[in-house]
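First comes the structure, then the notes that go with it.
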Amino acid sequence: MAAFANAHIFDDWNKPVEPFQIYGNSYYVGVAGLSSVLVTSPQGHILIDGAFPDSPELIAASIRKLGFKLGDVKLILSSHDHWDHAGGIAELQRMTGAAVVASPATADALKRGSMGEDDPQFAGNTPYPKVPEIRTVRDGEVVKLGPLAMTALYTPGHTTGGTSWTWSACEQGRCASIVFADSINPVSSDGYKFSAHPAVLKQYEQSYAALDKVACDIVVSGHPDFTGMWDKVKSGKPHALLDGGEGCKAYVRQSREKLNKRLAEEAGK
């Protein structure tokens, strides 16, 4: 999501929260409004997303609070190239020495420290620290670290290079499919019309199809509120994020409804 005038929203998003175990070897280490997930193993850890440019110290504090070492983070996976998800990656790379992994389009943007001109939110572009060294990943490619295997799932639309990440986590003999679902929220800068960009609409359909069919026992969206994560956590139920595989489908329905509403508004209906 690009910058808005409502700075207080960003303050709320960047509030520290208590880190917690999602399932098995996977932990939430993000801030209140921006997800970051740590997936751990004895051979090293993988971190997904870096939130704002001033979020790394909060993410690092959460990792340490869980008893893990920053130096054991070997890979940082990126979802998309907006400043509120990628802004902290350069600093986290510096802090950990980890390699950064992203789709080619996202990698190009991270190297620039700026979203692409084809982005629906480009008019609200907010630069962020550049990430000089990035490994690119193909759609469906499995990124491995020791026993960890993270699959890249291209989910464009919100951005051209948007990527969700999927993996399996096990606990007491039961394994769960976890999806870090990238943003599929159809938002834009003022004056942008989705109806005038059929290629972007096609990207959204690609993302809806991908997230509809992926195994998804637990979903963590880039903005946790979009999938009701905090309400689930506050319920106090054991394994509160396990939802019978409906989380990703509900996330898709929510986005599709927003996009259809936007297209209707653009058509004057």
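Reminder that position 226 of the sequence shown reads as 226 in the numbering used here, one-by-one numbering, no gaps.
Using N, Cα and C, we set each Cβ at its ideal position, and we do this for glycine too.
It should be emphasised that the depicted structure is a prediction, and the values quoted were computed from it without experimental measurement.
- According to the DSSP secondary-structure assignment, residue 150 is paired through a beta bridge with 143.
- Rounded to whole angstroms, residue 266 and residue 191 show a C-alpha spacing of 10 Å.
- Inter-segment contact for the stretch 241-249 and the stretch 188-207 is absent: fewer than three beta-carbon pairs are separated by less than 8 Å.
- Judged by DSSP in its simplified three-state form, residue 216 adopts coil rather than helix or strand.
- With a cutoff of 8 Å on beta-carbon distance, residue 182 and residue 195 are scored as not near each other.
- In this structure, the alpha-carbon of residue 135 lies about 44 Å from that of residue 268.
- The Cβ-Cβ distance between residue 214 and residue 153 falls below 8 Å.
- Contact check between the stretch 170-184 and the stretch 112-127: fewer than three CB pairs, one atom from each, fall below 8 Å, which does not count as touching.
- It is roughly 16 Å from the alpha-carbon of residue 53 to the alpha-carbon of residue 223.
- Exposure of residue 231 is indicated by the presence of fewer than 16 other C-beta atoms within 10 angstroms of its C-beta.
- According to DSSP, residue pairing for residue 201 in a beta bridge does not occur.
- Bounds of any alpha helix (DSSP H) do not take in residue 45; it lies within the beta strand (DSSP E) bounded by 45-48.
- With contacts defined as CB atoms closer than 8 Å, residue 140 and residue 104 fail to qualify as a contacting pair.
- Per DSSP, residue 241 is not a residue of any beta strand (DSSP E), being assigned neither H nor E.
- Taking each of 11, 188, 58 in turn and checking the Cα distance to residue 19, the smallest one comes out for 58.
- If the five residues before and after residue 123 are omitted, its C-beta is found closer than 6 Å to the C-beta atoms of 189, all from its own chain and listed in chain order.
- Relative to residue 218, the option among 229, 137, 210 whose CA is nearest is 229.
- The Cβ atoms of residue 155 and residue 210 lie closer than 8 Å to each other.
- Of the candidates 98, 91, 130, 130 places its Cα closest to the Cα of residue 109.
- With respect to residue 255, residue 186 sits close: the two C-beta atoms are nearer than 8 Å.
- For the 8 Å CB-CB criterion, residue 63 and residue 29 form a contact.
- Annotation for residue 74: no alpha helix (DSSP H) segment contains it, though the beta strand (DSSP E) segment containing it runs 73-77.
- An exposed status is given to residue 175, since fewer than 16 other beta-carbon atoms sit within 10 Å of its beta-carbon.
- If you draw a straight line from the Cα of residue 26 to the Cα of residue 111, it is about 28 Å long.
- Here DSSP, grouped into helix, strand and coil, assigns residue 132 to coil.
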